[in-house]
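Numbering (the numbering used here), first residue to last: 305 to 552. By construction, the Cβ of each residue, glycine as well, lies at the ideal position given by its N, Cα and C atoms. Note that the coordinates shown come from a computational prediction; the quantities given were computed from them, not determined experimentally.
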């Protein structure tokens with residue numbers, strides 16, 4: 305598998321940010337690691353092996369970026385207002401720096417956001433806030449309320465990073481709804497060990513009421529919050545995300 309290491313200074317974050325690229329061509333996928341994860345986790349935790357058939361055949365090219373969760377969602381002792389604004393700087397890095405780079409490099413009209421656990425939270429947030437940049441999404445075992453990171457603290461910045469809050473208030477005639485319904489995106493969670501499906505249920509209800517056709521899928525009580533299940537889910541959903549039928 306072709307891989308490339310990238311490092312570049314991020315004006316939004318005021319520091320160098322690292323990225324690994326897997327593959328040479330195809331639809332771009334932005335992979336967000338799990339909580340506190342690093343840019344190399346896509347390879348180290350074997351998700352690259354799971355998606356190898358699509359990477360090596362030139363159907364997708366994956367850009368795996370760094371998180372700054374230790375400064376933001378995970379730093380429960382830190383000032384929540386500062387942490388929220390630091391997270392928003394990371395969102396600016398992804399939407400204003402990484403996304404234009406990826407789109408220019410691949411000459412594709414949009415990017416698939418993808419993540420597991422807190423990476424799924426971020427992937428869904430990117431897609432729901434910017435379906436003009438992200439034209440697909442796979443979120444596995446995420447939590448879609450900022451309460452997880454901010455323990456009930458709310459301000460305007462936390463609000464815009466809490467999908468169950470801002471999606472509930474999305475106007476019924478908002479142009480993003482037409483965009484959502486013209487694209488393929490999936491949110492999946494299991495009902496087994498360590499999974500927290502409540503916010504996924506909330507989001508599914510909001511989608512139903514707003515007539516948003518994003519696929520929300522609940523797997524069984526044997527499906528745990530762990531890598532072996534995320535491998536199965538990724539292999540199941542990616543064929544569908546790329547325009548075919550779900551895998552087996």
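Contact under 8 angstroms by Cβ, residue i with residue j
i, j, result
"residue 322", "residue 343", "yes"
"residue 540", "residue 550", "yes"
"residue 470", "residue 464", "yes"
"residue 406", "residue 415", "yes"
"residue 545", "residue 490", "yes"
"residue 500", "residue 447", "yes"
"residue 483", "residue 523", "no"
"residue 347", "residue 324", "yes"
"residue 313", "residue 320", "yes"
"residue 430", "residue 398", "yes"
"residue 359", "residue 410", "no"
"residue 444", "residue 534", "yes"
"residue 442", "residue 418", "yes"
"residue 462", "residue 449", "no"
"residue 435", "residue 487", "yes"
"residue 517", "residue 421", "no"
"residue 451", "residue 380", "no"
"residue 382", "residue 459", "no"
"residue 378", "residue 339", "yes"
"residue 345", "residue 337", "yes"
"residue 387", "residue 362", "no"
"residue 395", "residue 334", "no"
Exposure label - residue i; buried when at least 16 CB within 10 Å
i, result
"residue 423", "buried"
"residue 512", "exposed"
"residue 305", "exposed"
"residue 311", "exposed"
"residue 309", "exposed"
"residue 391", "buried"
"residue 485", "exposed"
"residue 315", "exposed"
"residue 525", "exposed"
"residue 453", "buried"
"residue 426", "buried"
"residue 318", "exposed"
Per DSSP, the bridge partner or partners of residue i
i, result
"residue 418", "335, 442"
"residue 319", "314"
Coarse secondary structure for residue i, derived from DSSP in three states
i, result
"residue 313", "strand"
"residue 489", "strand"
"residue 307", "strand"
"residue 434", "coil"
"residue 458", "coil"
"residue 471", "coil"
"residue 392", "helix"
"residue 476", "coil"
"residue 529", "coil"
"residue 401", "helix"
"residue 408", "helix"
"residue 465", "coil"
"residue 545", "helix"
"residue 449", "coil"
"residue 551", "coil"
Going residue by residue through the region 321-387, where are the continuous beta strand (DSSP E) segments of at least 3 residues, counting only ones entirely within it? 331-336, 364-369
In chain order, which continuous runs of the beta strand (DSSP E) of length 3 or greater are located wholly inside the region 491-527? 519-522
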